[in-house]
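As C-alpha cells, the structure follows; a few thoughts come after it.
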Amino acid sequence: MRKIIAMLMTALLMLGAVAPALADGPIQVDVFFYDYSDTYIGSVRASLEEQLAASPDLYAFNFYDGASDQGKQSQQVDTALTRGSDLLIVNIVTTGSDEAAQNIVDAAAAADVPVVFFNREVSDAIVNFSDDVAFVGTDADEAGYMQGQMIAEYLLAEGNLEKYDLNGDKQIAYLMFRGELGNAEAFGRTKYSVQQANELLAESGYKLVPSAANQTDNTQEADGISPYYLYGNWSAATAKNLMDTALTTYALDNGDIELIIANNDDQALGAIESVNEQGYNTGAEGSAYIPVFGVDATVVAQDAINTGKMTGTIKQDAVGMASGLVFLAQNIQKGAELLDGTENFNVDEDVAKIRIPYAIFTGAAE
Amino acid sequence: MHSIGDWFNRRLQPYRALSARDKRRYWADFFLNNAIYIILLILVIYVQYYSLNVMRARNTFLSFTSIVDILKKSAAALFLALGVGGIIVLTGTDLSAGRIMGLSMLVSASLLQKPASEYASKMYPNMGTWPILAVVILVMIFGAMIGSFNGYCVAKFKLHPFIVTLATQLMLYGFILIYMTWGNNGGAPIAGLTDKYKDIVKGTFTIGKTAIPYYVVYAVIATVIMWYIWNKTTLGKNMYAVGANAEAANVSGVSVMGTTILVFTMAGALYGFSGFVESARVGSNSATAGLNAELDAIAACVIGGVSFNGGMGKISGILMGVIMLQIITVALQWLGVSTNLQYIVKGFIILVAVAIDMRKYLVKK
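Here the protein sequences come in this chain order: X and U.
At position 134 of the first sequence the residue is numbered 133 (numbering that gives the first Met the number 0), and the sequence of numbers has no breaks.
At position 268 of the second sequence the residue is numbered 267 (numbering that gives the first Met the number 0), and the sequence of numbers has no breaks.
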C-alpha cells in the first residue's frame, strides 16, 4: 500500500514538474495589490478581475492584498512562485527604493517567470533588467502637470481670476492636501500642479502662493511649493479634521484660503465636507464657492463635480490600466514576447514602461 | 471671607506639618504625577503665545472658535474611547474597535443614500431610504453582536482580548472589503448621503455666535449614560471588581463571564453608534474607514489615567484623555509642525502617560 502511495506521489510530482511546459492551457496569473483599501486600486482590481474572469480557458488567476506591507507582499510573491506561476503582476508597496522590486525581479528570473509592475512606479534600472520585465502605469508627474493645467484653465476662464482673488493682491492663496510622504505620486502632484499652473498663469500677472494655513515641512525641497501642505495622507477623514482646524484660524472669505488642491479625490472630498459646514460648496443655487481640485475621478468625485460641489479632477483610467495589463498577459498566454504589439500604447523611450494617459475631468458622464 | 481663610488653613495643615525633606518630596511627587497636565499646560501657553504674537491669525488658540473646534473633534472621538475604556478596566484592550466602527460607517452610509435619481452611483439603486432611527438601532445591534462575540471568546476560552480582537479585526476587514463590492458598488467609496441623515448628525444649534453640531449632544448623552453605568449600577461595580482581581471577584460571587461579555457588548454598541456619526461627518466612506481609530481611543484612555493594570479608571479621565489628545493634535497643526515630528511628539506623550500611570500603580500597591 505504502509503495503504491509513494509511486502515486512521485507520479504527481513529475506531472507537476512537466505541467508548465504544456502550452495553450490557461496560464496562472498572480496579481499583487499594494493595498485593497485604496479606492483607485480597487477599481483597477474590479476591472482586472472582470477581464481575466471573462476567459477562464486562457487565465487562472489569484489576487493578493499586500496591506501596505512590503515584507508581506514579498512573501506572497515567494509563495506564488513556489506554487507555480506564469506571470507576476505586481503593484509594489515600496516605491522610491529599488531593493524590494529587485528582489522580486531576481526571484522571478530564477523561476523564469515574467514580471509586470503597475501603478506604483519602479526605476528604469529594474525594468531594463531583462526583456521579461515591464511596467504599466501613468507618468507619476503627469497628473500633477495636468492638475496644474486644469487649475490654470479654470482661473483664466473669464472673470475667475478677479472673482477668486478675494483680497485683490494678485495672488491666489492655495491650500494643499498631500498624500503619503515618500510616495513619488504625492510628490509630483504636490509640486508640479502648482508649478505648471503658475507657468500658465504667468502672463496674466497672477500666481498661486501657499496659504498660511499650510504646514511647513523643512525636510522637503525648498522650492517654494513642496514644503507647504496639510498632511491628509490620502484620507477623507484626516483631510476633514485638518480643514476644520484650519478654518478656525483662517477664513474662506478674506483671502486666507482662496483655492484648494488635493493629491487625490478622497482628500478633496474631506475638505469639501468641512467647507460645507461654513455654507461653501453645498451645491445649492447661489452658495458661496471655493474652487477645489482633486485627482482620480472616483465616482463620488464625479458626482460632486456634477452637482457643483467640486471643481475638477484628473481621471486615472482604471479600465485602461487593467486592459493594458491583460494585453501583456495575453502575450504570455500566446507564448509571445512580453512586449509584442505594444506599438499602439504610449511607451517610454529606452525602457519598457507603458503609460496610460490621464484626462482632465470637469463634469458630465459618470 | 473668614471661613475661606479657615478652610485653606485646615487644608494646609497636613502640608505644614511635613518636614522640609517631606515637603520637597511632596512637590516632586506632585510634579511627577501631574507631568502630563503640566506638559500640556506649557504646550497650550506656548501655542497661545505663538498664535498671538507670531502667527497674527484671525483667532487665537484659546479663542472660543478654536476651543469649540477641539471639543467637536473630541466629541467625535469620544464614543470609541468610552467603549474601549471599559475593556481596559477589565485589563483588556480592543483592536477591533476601529473596524467595527468602519463596518458600521459603511452600512449606515449605504442604507441612507439619496435615491438613485439624485445620486447615480447609489449602492442599492432599487432600495428606498431607511428610517434613520432603524439604521441607528441596526448598526448598534451589529456592533453589540460583534462585541459580545469578542467578549464571549475572551471569557469562555480565557484568551487575552488582544489576541481575540486582533483576529476579529482581520475578519472584519474582510467583511468590509466584501461589503464594498455589494449591490452596485464595486469597491467605490460610499457617499451621496441624504440631507436628513447629515442634518441629524451635523446639523447645528448655536450658542452665542458659535454653531455646535448635534453629535456633540450625542457625545454628552453617551458620556452621562456611561458614567451612570460605571458608577451607579451593579455592572459597573462588577467591572471594577473583575478588572482589579478576577479570581477574587469570582469567589465573591461576581459572574466574570457575564460581566466581560456585557462590557464588550456595550463597547460594541458604542462603536456601532460611532460609525453612524462618523459616516455622516466624513461624508465619503472608503475601505480605510475606521482604520487605526482604536489606537487613538486607547491612547486617549491611557492619557486619561485608565490603567492597563485593570480595575482603575474614570469616565472623567477618559473625557480628559480624549480632549487632551485632540489638544495635542490641533496644537501641532497650529504650530505648523512637520508631520514627522508630530508622530514623535504624540508617541512621547503617550509614553510619559503610561510611565506615570505605572508609577501611581506601584505606589498604590
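From the three backbone atoms N, C-alpha and C, an ideal C-beta is built for every residue, glycine too.
Quantities reported herein were computed from a predicted structural model and do not represent experimental measurements.
Closer than 7 Å to chain U by CB, X/Glu-184: Contact of X/Glu-184 with chain U is not assigned, every C-beta pair being separated by 7 Å or more.
Using the Cα positions of X/Glu-198 and X/Val-28, report the straight-line distance between them to the nearest angstrom. 44 Å
At the 7 Å Cβ level, is U/Gln-332 part of the contact set with chain X, yes or no? For U/Gln-332, the answer is yes, since a Cβ of chain X falls inside 7 Å of its Cβ.
Within a Cβ cutoff of 6 Å, which residues of the same chain sit near X/Gly-15, ignoring the five residues on either side of it in sequence? Confidence at X/Gly-15 is low in this model, with a pLDDT of 48, below 50, so the placement of that residue should be treated as unreliable; the coordinate-derived value is given next. Correct list: empty, nothing qualifies.
Going by beta carbon distance, what residues of the same chain come within less than 6 Å of U/Val-321, once the five residues before and after it are set aside? Ser-73, Ala-76, Leu-77, Ala-80, Ala-299
Does the CB of X/Lys-314 have a neighbour CB from chain U at under 7 Å? No, its Cβ sits nowhere closer than 7 Å to a Cβ of chain U.
Of the residues X/Ala-296, X/Ala-328, X/Ala-335, X/Asp-131, which one's Cα is nearest the Cα of X/Tyr-357? X/Ala-296
DSSP beta-bridge partners for X/Gln-277? Beta-bridge partners of X/Gln-277 (DSSP): none assigned.
With a CB to CB cut of under 6 Å and the five nearest residues on each side skipped, what residues in its chain are close to U/Met-144? none
DSSP bridge partner residues for X/Ala-358 (one or two, in chain order): X/Lys-314
Over what stretch of residues does the beta strand (DSSP E) that includes X/Asp-64 continue unbroken? Segment 58 to 64, the beta strand (DSSP E) holding X/Asp-64.
Going by the CB atoms, is the gap between U/Pro-188 and X/Val-299 shorter than 7 Å? yes
Chain-ordered neighbours of X/Thr-297 on chain U, where CB pairs are closer than 7 Å: Listed by position along chain U, the residues whose Cβ is nearer than 7 Å to that of X/Thr-297 are Ala-187, Pro-188.
Return helix, strand or coil for U/Lys-231, following the three-state DSSP convention. helix
For a cutoff of 7 Å on Cβ pairs, would you count X/Ala-45 as touching chain U? yes
Given a cut-off of 7 Å, decide if X/Gln-219 and X/Pro-226 are closer than it, judged by their beta-carbon atoms. yes
Between the stretch 213 to 245 of chain X and chain U, which residues of the former have CB atoms less than 7 Å from a CB of the latter, in chain order? Gln-214, Thr-215, Asp-216, Asn-217, Thr-218, Tyr-230, Ser-234, Ala-235, Ala-236, Lys-239, Asn-240, Leu-241, Asp-243, Thr-244
What residues from the stretch 60 to 73 of chain X come within 7 Å of chain U, judged by C-beta to C-beta, listed N to C? none
Euclidean distance between Cα positions of X/Gly-70 and U/Leu-294: Rounded to whole angstroms, the separation of the alpha carbons of U/Leu-294 and X/Gly-70 is 23 Å.
Can you pull the chain X residues whose beta carbon is under 9 Å from the beta carbon of U/Arg-57, in chain order? Thr-247, Thr-248, Tyr-249, Ala-250, Asn-253, Asp-255
With a 10 Å radius around its C-beta and 16 neighbouring C-beta atoms as the bar for buried, classify U/Val-106 as buried or exposed. buried
Cutoff 7 Å: U/Leu-176 Cβ touching any chain X Cβ: By this cut-off, U/Leu-176 is an interface position.
What are the boundary residues of the beta strand (DSSP E) that includes X/Tyr-173? Following the DSSP letters along the chain, one finds X/Tyr-173 inside the beta strand (DSSP E) bounded by residues 170 to 177.
Taking CB distances under 7 Å as the criterion, tell me whether U/Val-281 reaches chain X. yes
Just grab the DSSP bridge partners of X/Lys-206 for me. Answer is X/Gln-170.
For chain X, check one thing: does any of its Cβ atoms lie closer than 7 Å to the Cβ of U/Gly-335? yes
For U/Pro-47, which of U/Leu-31, U/Lys-313, U/Ile-37, U/Ser-65 has the nearest alpha-carbon? Note on residue identity: the sequence assigns Gln, not Pro, to residue 47 of chain U. Nearest C-alpha to U/Gln-47: U/Ser-65.
Considering only their Cβ atoms, is the gap separating X/Gly-254 from X/Asn-382 smaller than 7 Å? There is no way to answer for residue 382 of chain X, as the model of chain X reaches only from 0 to 365.
Any Cβ of chain U within less than 7 Å of the Cβ of X/Glu-272? yes
Under 8 Å from the C-beta of X/Tyr-35: neighbouring residues of chain U: Leu-176, Ala-286
Through-space distance from X/Tyr-35 to X/Ala-20, alpha-carbon basis: Any reading at X/Ala-20 must be qualified, since the residue scores a pLDDT of 43, below 50, and its modelled position is unreliable; the value itself is stated next. Approximately 33 Å between the Cα atoms of the pair.
Is U/Ala-330 near U/Val-83, with beta carbons less than 7 Å apart? no
For X/Glu-184, count neighbouring C-beta atoms within 10 Å of its own C-beta (all shown protein chains included) and say buried if the count is 16 or more, exposed if not. Counting C-beta atoms within 10 angstroms of its own C-beta, X/Glu-184 has 16 or more neighbours from the protein chains shown and is therefore classed as buried.
Closer than 7 Å, Cβ to Cβ, to anything on chain X: give me those residues from the stretch 39 to 68 of chain U, in chain order. Ala-56, Arg-57, Asn-58, Thr-64, Ser-65, Asp-68
Residue range of the beta strand (DSSP E) that X/Gln-27 falls in? 26 to 32
Going straight from the alpha carbon of U/Leu-158 to that of U/Cys-152, what length do you get? 7 Å
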